[in-house]
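Chains A, B, C and D supply the protein sequences, listed in that same order. Heads up, the first sequence is in the working numbering, so the first residue is 1479 and it goes up one at a time. Heads up, the second sequence is in the working numbering, so the first residue is 1479 and it goes up one at a time. Heads up, the third sequence is in the working numbering, so the first residue is 1479 and it goes up one at a time. Heads up, the fourth sequence is in the working numbering, so the first residue is 1479 and it goes up one at a time. Structure, as structure tokens:
There are 4 protein chains.
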Amino acid sequence: MEKADKRCAIIRAALELVAEHGFHGAPMSMVSEKAGVAAGTIYCYFDNKETLIRETYGYLEGRIVETVTKRYPGDRPVRERFLHVGEALIRYYIGSPLEFRFLEQFHNSPFGVEHRRDKFMGKRGGCDIFRELFEEGVSQQVMKDLPLVILFALSFGPILTVVRDHVLGFVILDNTLISRTLEACWDGIRR
Amino acid sequence: MEKADKRCAIIRAALELVAEHGFHGAPMSMVSEKAGVAAGTIYCYFDNKETLIRETYGYLEGRIVETVTKRYPGDRPVRERFLHVGEALIRYYIGSPLEFRFLEQFHNSPFGVEHRRDKFMGKRGGCDIFRELFEEGVSQQVMKDLPLVILFALSFGPILTVVRDHVLGFVILDNTLISRTLEACWDGIRR
Amino acid sequence: MEKADKRCAIIRAALELVAEHGFHGAPMSMVSEKAGVAAGTIYCYFDNKETLIRETYGYLEGRIVETVTKRYPGDRPVRERFLHVGEALIRYYIGSPLEFRFLEQFHNSPFGVEHRRDKFMGKRGGCDIFRELFEEGVSQQVMKDLPLVILFALSFGPILTVVRDHVLGFVILDNTLISRTLEACWDGIRR
Amino acid sequence: MEKADKRCAIIRAALELVAEHGFHGAPMSMVSEKAGVAAGTIYCYFDNKETLIRETYGYLEGRIVETVTKRYPGDRPVRERFLHVGEALIRYYIGSPLEFRFLEQFHNSPFGVEHRRDKFMGKRGGCDIFRELFEEGVSQQVMKDLPLVILFALSFGPILTVVRDHVLGFVILDNTLISRTLEACWDGIRR
DNA sequence: GATGAATGAGCGTTCATTCAT
DNA sequence: CATGAATGAACGCTCATTCAT
């Protein structure tokens, strides 16, 4: 196995175990077993468990930014861009339920809170696209004049909840349901 | 100390510790210490840690139902009832950040998922009032004709997100912001 | 087994294992096994390994002070008192080779150095009797006018070395050899 | 890099790390890093960690013998030779605190004890010069008629202790203090 | 019922050593 | 010879749970 492959296998294993059982239900011994490496090998690639989880998160974040950015209609109206972003997110999450569950676990851990705070406090990351979109929406007066945080909540709150319900089998998000849900979100934030 | 008091003290201690440090940051020994009882005593009242956490959750659920039900304007229009429920929830959570944090921890644990599944699959609980409200909203054609799960997501997704942001200090929810947020939620679900 | 007995058994086990194999050759698992308790039990009595070792040291220090103090001829000339102290030390160490080895290990560990520094810097302990003796010796002009540290080295350096040689079997310290060695030490420090 | 250079670099690295952090604070990986070689390379030169430490000790022993032997006034009286040896040792140790700390660590490890035993039991090493000096001192009746081991203890016990105190900063050994200390040692062993 | 000392499986992590390159 | 990624046994320590009192 190549070096990069091994690193990747460890991240995959961590991803899956954390997604299924949470941070504390994913002992390093289990991660190493699932990745097919020895216990100590993980520490050749990651300083400690926290770092492993953070880097797994970073890896996912990259993929999501990629997903959302791809074919982003930067020159279309705000509404259309919003719907694009929402749909990209929902489709990505639905297609990668493990990733989705991992992200939920991460966001709900101390790391996640800290991470959000950092990002919020200015150290931007891939979220700039969201910020720009909403700021433009407000300044063009097509969105309600609410704090960004509230607009985010009105948009991503339902999206994440809806995806969770889908992943848990409480609803099946087909194409029409996805678009109707996103339209409803738009109704929530639009003027 | 009375028997009921002791039981209650244990639940309070569990609540606070889980809220502050998460499930795995709340060892039984710490719970017993905070509750002012011996380590073994907890097991006189609860079979094991899982049960303790579940019952703590049940206790909170009861209080929330109480909160939402109190002064519930059952004879007023759907919109008004929705706003009442939403405001009751937000105010309760904001006034009881510990409870809110506990609930978030619980919902994001394996227990939480299982719990939601049980409730969804028919074993109702205190959520009937929500269900009734939304079913009526749909049948009266004042709400969008979407699955209940989606309407829940459009309503409680933003509410919980917004409260979390408040608790973490990313925004301050004053009276006007609360009502404007709830109006926006209503825009999302109304026809 | 009584509570105090268990604590004592753990200290004995730590003492023996550290004496024989050094700090790092005395894993907690071995200590617990030797003490006849479970691994976790040690932590009911001591915060961590460091504390266990420190308290073991403290226990020994107490016994030594006791030994040296007992029948200490406080009203006799400095020389006589010096010989009493030296002989008490040598006899104690020879009679308790395990204790002696432990002390050597301790003194040579980071803890030991720190401990000496603390004591030296003013936080006195049981060594006051030594300090008094030597200060009086200097002021009465029966000892050389050298810094206390040097006088200590001239006295305890040989004593500890000689005991070590005895314990390792390089020499057998009988009564005459003990007293002749102490006389030689006295020759080293006396005016 | 030459083969001999590499070997030497490894020994230097081991020496420094053991001196600073003790045997167990000097992992092979750290030694290799400090020496500027790969982890596995050490095993081209030394069978295992124990061997590395032993050979590091041997290297130091050689340097010390060299130091003590240089300008050794073999034709001068015993007293003078003793003072030369003592001063050479003290000056060497003080000038090479790392070496001194390593030696202390070594002497206090299981290896050290075994090493002393071997040497004592006949497999002589560089200590012959000491042995000769003291044997001559005794036979000329300028030294006390005590076993060699005791005379060694009376000489080197204080010397090592005094140097340790200097290295730890408890005293500063200037020229006069060195010579006065050595005179005191001589008082201890002389007739 | 209540206690809390005791348990021991399991955790995250380290590091001497190996071996394919 | 030299490399350094990989190994896995062993470490110190935690904590849910038990049970004699």
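Think of the CB as a built atom: it goes at the ideal place given N, C-alpha and C, for glycine as much as any other residue.
Pairwise C-alpha distance: residue j and residue i
| i | j | result |
| --- | --- | --- |
| residue 1482/A | residue 1540/A | 17 Å |
| residue 1571/B | residue 1524/B | 26 Å |
| residue 1660/A | residue 1574/A | 19 Å |
| residue 1637/D | residue 1654/D | 15 Å |
| residue 1665/D | residue 1658/D | 10 Å |
| residue 1486/A | residue 1627/B | 36 Å |
| residue 1537/B | residue 1613/B | 26 Å |
| residue 1557/A | residue 1611/B | 30 Å |
| residue 1512/B | residue 1502/B | 16 Å |
| residue 1542/C | residue 1567/C | 7 Å |
| residue 1646/B | residue 1499/C | 52 Å |
| residue 1616/B | residue 1625/A | 30 Å |
| residue 1529/D | residue 1594/D | 16 Å |
| residue 1632/A | residue 1648/A | 21 Å |
| residue 1639/D | residue 1549/C | 28 Å |
| residue 1553/A | residue 1546/A | 15 Å |
| residue 1623/B | residue 1652/B | 32 Å |
| residue 1480/C | residue 1522/C | 14 Å |
Interface flag, residue i vs chain B, CB-CB below 8 Å
| i | result |
| --- | --- |
| residue 1618/A | no |
| residue 1586/A | yes |
| residue 1606/A | no |
| residue 1635/A | yes |
| residue 1612/A | no |
| residue 1578/A | no |
C-beta neighbour in chain A for residue i, strict 8 Å
| i | result |
| --- | --- |
| residue 1581/B | no |
| residue 1516/B | no |
| residue 1595/B | yes |
| residue 1561/B | no |
| residue 1572/B | no |
Any chain C beta carbon closer than 8 Å to residue i
| i | result |
| --- | --- |
| residue 1502/D | yes |
| residue 1534/D | no |
| residue 1615/D | no |
| residue 1632/D | yes |
Same chain only: Cβ atoms within 6 Å of residue i, ignoring 5 sequence neighbours per side
| i | result |
| --- | --- |
| residue 1497/A | 1576, 1579, 1580 |
| residue 1535/B | 1584 |
| residue 1662/B | none |
Beta-carbon proximity check, residue i vs residue j, cutoff 8 Å
| i | j | result |
| --- | --- | --- |
| residue 1527/A | residue 1506/A | yes |
| residue 1469/A | residue 1586/B | This structure cannot speak to residue 1469/A, because chain A is shown only from 1479 to 1669. |
| residue 1656/A | residue 1565/A | yes |
| residue 1559/B | residue 1619/B | no |
| residue 1489/A | residue 1544/A | no |
| residue 1555/B | residue 1562/B | no |
Cutoff 8 Å: residue i Cβ touching any chain D Cβ
| i | result |
| --- | --- |
| residue 1624/C | yes |
| residue 1609/C | no |
| residue 1638/C | yes |
| residue 1659/C | yes |
| residue 1589/C | no |
| residue 1482/C | no |
Neighbourhood of residue i by C-beta, 8 Å cutoff - its chain only, sequence neighbours within 5 removed
| i | result |
| --- | --- |
| residue 1650/A | 1644 |
| residue 1630/A | 1608, 1612 |
| residue 1621/C | 1556, 1612, 1615, 1629, 1667, 1668, 1669 |
Contact belief for residue i with residue j at Cβ below 8 Å, rounded distance in angstroms
| i | j | result |
| --- | --- | --- |
| residue 1509/C | residue 1492/C | 5 Å |
| residue 1589/A | residue 1531/A | 7 Å |
| residue 1518/C | residue 1635/D | At roughly 42 Å, the Cβ-Cβ gap does not stay under 8 Å, so residue 1518/C and residue 1635/D are not in contact. |
Spatial neighbours of residue i in its chain, beta-carbon cut-off 7 Å, leaving aside the 5 residues before and after
| i | result |
| --- | --- |
| residue 1504/A | 1492, 1495, 1496 |
| residue 1641/B | 1568, 1571, 1572, 1578 |
| residue 1606/D | none |
Near the ligand COA: residue i beta-carbon under 7 Å from a heavy atom
| i | result |
| --- | --- |
| residue 1656/B | The ligand COA is not among the ligands present in this structure, which contains no ligands whatsoever. |
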